[in-house]
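Residue numbers for the sequence shown, in this note's numbering: 29 to 512.
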Amino acid sequence: MQYHSTRGGALPVDSARAVLRGLAEDGGLYLPERLPELDWRRVAASDTLSMAEAIASAFLPDIPDMPALVRRAYAGKFETEELTPTVQAGPFRVLELFRGPTSAFKDVALSMLPQLMTAARDAVGMKEEILILTATSGDTGKAALEGFRDVPGIRICVFYPHGGVSQVQRRQMVSQEGENVAVCAVRGNFDDAQTGVKGIFTECRGKTLPVALSSANSINIGRLVPQITYYFKAYRDLAEAGQIRMGDEVNFSVPTGNFGDILAGYLARELGLPVGRLICASNANNVLTDFIRTGTYDRRRPLHKTQSPSMDILVSSNLERLLYLLSGDAGLVAEKMDLLGARGYYTVSGTLLEAIQERFWAGCCDDARGSRTIRRVWERWGYLCDPHTAAGWAAAEDYVNQTGDTRPMVVLSTASPYKFPAAVLAAIGGDTRGDEFDRMARLEAITGVGIPRNLANLRDKPERHTAVIDKEDMLRFVWKLCGK
């Protein structure tokens, strides 16, 4: 299967090379020349690992032995063989994506990406070592570090915004073990780190390097494809619970910052899964809400540090894939991305905006409302959610109240509440004294909800990665890793 760039300025590559490169040479993102055909009913009726295998095989046919890769990625690594269970909480079904090895939704994709990348490396006969460069707003970093730890032939470097992640997220990253991992804080915000990583790819383009550069962010199609699976899994759960019949439409509310998580839902829809409306949930950094409602994407605003840091993003990279999928016009996408870089905003209108609004609805939730939502959901329905999930819940409520849409609603829960214990504990009225680990223990004592094993022993792990640099020094940091 041939993959091409959303911006139209790079030569097509096969699916294995698309995974290995991550970012196209013209700065665009890879998409298949046409979406694969899939028997959605058969896939939705299968077990979870078979779902993952079918979807990955359809999108990435040039990577061999997919059943073995799926088993190595997931078997025995999640709290349940279902990987992503759903539970009923009041009026909504909650899709729990945090039951993996780092307690965040990124585990679903980043358990699979190292398997895809090593198999793709072998398939194309690549000899040089791969260096993964990744910017994180909190969860991608640890999940990527854990997934790629000590994988032969691959090194990984993660950049995160200094002071811009929770203390639990930071400790997860800086205590990471592995001979092939590096972690570095960047003075600035996530957009600075993400722009810096993209700038390194641009700077290195066409140069002879001792390593091949790639990415583990959702700009990599190998990161995005595995996320499609849990939409099928949630649909199957609703059917098995008798809440829908096969063919009924289901709505999904998705807390998202970089637009990858919700784009996976759109791809599931395009594969035939009966997805109704996709509700895009933002925090106070509501650039996506404004775009979906008005057609103008404008990053010229302050970036707020919030209790849901994984959504503290003003440049949503995966949105460019949606623009291409709906318009089919690489020239238009390139023009809009140039405008975003040069002046900080762009506008879409007419049929393209109508197509976006037909499929997506958008809402936002600031910290104050998020706290109220956490408390109300806990007190009324006994479900403990983190601030990101609270934003998804609030947006789902707004959508139902404003539209009267009665189709079943699934809220994606993207992280364990124990990754943000201060915010969750304060929301339910608990004592927030002490450090994050004191708060985790107090939250468990109050609620009876167990601390995930991977977080329970985090306090005693030594900090191994303590570098803090200016954003202008990111390239120099990478050169040092490469031995240049």
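Ideal Cβ placement from N, Cα and C applies to all residues, glycine included. Just so it is clear, the structure is predicted and the values come from calculations on it, not from any experiment.
- Message: Quick check on this structure: which residue in Thr324, Arg329, Gln335 and Arg328 has the alpha carbon closest to the alpha carbon of Leu347?
- Response: Thr324
- Taking C-alpha atoms, which residue in Glu298, Ala38, Ile256 and Gly300 lies nearest to Val282? Ile256
- From the DSSP output, read off the bridge partner residues of Glu157. Val239
- Item | Coarse secondary structure for Leu266, derived from DSSP in three states | helix
- Item | Local conformation of Tyr411 per DSSP, three classes | coil
- Message: Considering only the alpha carbon of each residue, which of Ile184, Val179 and Tyr188 lies closest to Thr223?
- Response: Tyr188
- Runs of alpha helix (DSSP H) wholly within the stretch 112 to 199 (minimum 4 residues, chain order): The DSSP assignment places 134 to 138, 141 to 152 and 167 to 176 as complete runs of the alpha helix (DSSP H) inside the stretch 112 to 199, in order along the chain (cut-off: 4 residues).
- Message: Could you check whether the stretch 401 to 420 touches the stretch 242 to 259, counting it as contact only if at least three pairs of C-beta atoms, one from each stretch, sit closer than 8 angstroms?
- Response: no
- Message: So, does the stretch 225 to 242 touch the stretch 417 to 424, judging by three or more C-beta pairs under 8 angstroms?
- Response: No, because fewer than three Cβ pairs between the stretch 225 to 242 and the stretch 417 to 424 fall closer than 8 angstroms, the two stretches do not touch.
- For Ile307, write down the residues that DSSP places opposite it in a beta bridge. Ser281 and Trp389
- Query: How far does the alpha helix (DSSP H) with Met365 in it reach, from first residue to last?
  - Reply: Ala358 to Arg371
- Query: DSSP puts Cys212 in a beta bridge; with which residues?
  - Reply: Phe187
- Task: With 9 angstroms as the threshold, decide whether the Cβ of Leu159 is near any Cβ in chain C.
- Result: The structure shown has no chain C; it contains just one protein chain.
- Message: Buried or exposed, going by whether 16 or more other CB atoms sit within 10 Å of the CB of Ala312?
- Response: buried
- Query: Are Val193 and Tyr259 close, meaning C-beta to C-beta below 9 angstroms?
  - Reply: no
- Message: I need the DSSP call for Pro449, collapsed to helix, strand or coil.
- Response: helix
- Message: Within a Cβ cutoff of 8 angstroms, which residues of the same chain sit near Ala38, ignoring the five residues on either side of it in sequence?
- Response: Here the set comprises His32, Ala52, Glu53, Asp54 and Gly56.
- Message: Using a 10 Å radius around the Cβ and a threshold of 16 neighbouring Cβ atoms, would you call Gln25 buried or exposed?
- Response: Absent from the structure is residue 25, since the part of the chain shown begins at 29 and ends at 512.
- Query: Along the chain, where does the alpha helix (DSSP H) that runs through Pro95 open and close?
  - Reply: Met94 to Tyr102
- Query: Since Asp318 is in the alpha helix (DSSP H), which residue starts that stretch and which ends it?
  - Reply: Val315 to Thr322
- Task: Please go through the same chain and pick out, in chain order, the residues whose beta-carbon is closer than 7 angstroms to the beta-carbon of Leu125, but skip the five residues on each side of it.
- Result: Excluding residues up to 5 positions away in sequence, Thr112, Phe133, Val136, Tyr258, Leu440, Ser441 and Thr442 lie with their Cβ nearer than 7 angstroms to the Cβ of Leu125 in the same chain.
- In whole angstroms, what separates the C-alpha of Ala358 from that of Met79? 31 angstroms
- Local conformation of Met339 per DSSP, three classes: helix
- Residue closest to Cys392, alpha-carbon to alpha-carbon, out of Ile497, Ile384 and Tyr427: Taking only the C-alpha atoms, the option nearest Cys392 is Tyr427.
- Task: Name the two residues that bound the continuous beta strand (DSSP E) containing Met437.
- Result: Met437 to Ser441 is the extent of the beta strand (DSSP E) around Met437.
- Task: Just list the alpha helix (DSSP H) runs in the stretch 453 to 487, keeping only unbroken ones of 4 residues or longer that don't cross its boundaries, in chain order.
- Result: 464 to 475 and 481 to 484
- Can you tell me the Cβ-Cβ gap for Cys185 and Ile158, rounded? I've got them flagged as a contact below 8 angstroms. Not really, about 11 angstroms apart at Cβ, beyond 8 angstroms.
- Message: Let me confirm a value: Thr108 is counted as buried when at least 16 other C-beta atoms fall within 10 Å, else exposed. Which label applies?
- Response: Thr108 should be labelled exposed.
- Query: Going straight from the alpha carbon of Leu123 to that of Lys261, what length do you get?
  - Reply: 9 angstroms
- Task: Hey, could you find the ends of the alpha helix (DSSP H) Val225 is sitting in?
- Result: Phe218 to Cys232
- Query: Under 9 angstroms, do Ile247 and Ser345 count as touching if we go by C-beta distance?
  - Reply: yes
- Query: If you run the structure through DSSP and keep just helix, strand and coil, what is Leu39?
  - Reply: coil
- Determine the contact status of Glu81 and Met94, defining contact as a CB-CB distance below 9 angstroms. Against a cut-off of 9 angstroms, the Cβ pair of Met94 and Glu81 comes out as a contact.
- C-beta contact flag for Arg121 and Val438 at 9 angstroms: yes
- Using the rule of at least 16 other Cβ atoms within 10 Å of the residue's Cβ for burial, across every protein chain shown, is Gly234 buried or exposed? exposed
- Query: How long is the line joining the alpha carbons of Lys499 and Leu301, rounded to whole angstroms?
  - Reply: 42 angstroms
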